[in-house]
Amino acid sequence: MEDIGTSRVWNMKYRFWPNNKSRMYLLENTGDFVRENGLQEGDFIVIYADTKSGKFMIRGVKVRQNGPRSEGKKPMARKSIRPSPATFPGI
172 MEDIGTSRVW NMKYRFWPNN KSRMYLLENT GDFVRENGLQ EGDFIVIYAD
222 TKSGKFMIRG VKVRQNGPRS EGKKPMARKS IRPSPATFPG I
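So the sequence shown is numbered by the working numbering: it starts at 172 and just counts up by one.
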């Protein structure tokens with residue numbers, strides 16, 4: 172996938188498998204991308220598909236709240252995001 176901001180190519184692997192009554196989704200080899208973009212818990216990785224070229228583009232989105240996090244606050248619960256297989260045609 173090509174990084175929208177830097178044009179760097181990142182090699183990642185998208186996998187899914189059945190799990191009870193749903194599917195598990197996993198995007199592997201994201202660690203270097205996360206570090207390079209300074210992403211933290213709560214931030215997003217967004218993947219775009221260029222239907223004309225068949226290429227995938229990627230970018231990191233930082234979600235920041237104003238002010239430092241209080242020591243007494245608990246981190247927000249992670250939400251499970253399940254993209255439909257149609258989101259990644261041809262994979």
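Beta carbons are placed, not taken as given, at the ideal position from N, Cα and C, and that holds for glycine.
These figures come from a predicted structure and were not determined experimentally.
Secondary structure note for Val180: it is in no beta strand (DSSP E), with a DSSP letter that is neither H nor E.
With respect to Asn182, Asn200 sits close: the two C-beta atoms are nearer than 8 Å.
Per the C-alpha coordinates, the member of Arg235, Lys184 and Met172 positioned closest to Gln211 is Arg235. Counted as a single uninterrupted DSSP element, the beta strand (DSSP E) harbouring Glu199 occupies residues Ser193 to Glu199.
When C-alpha distances from Lys233 are compared across Phe204, Asp221 and Lys226, the shortest belongs to Phe204. Residues of the same chain with a CB within less than 7 Å of the CB of Asp214, apart from the 5 flanking positions on each side, are Gly231, Val232, Lys233 and Val234 in chain order. For Arg206, the uninterrupted alpha helix (DSSP H) run begins and ends at Gly202 to Glu207, by DSSP.
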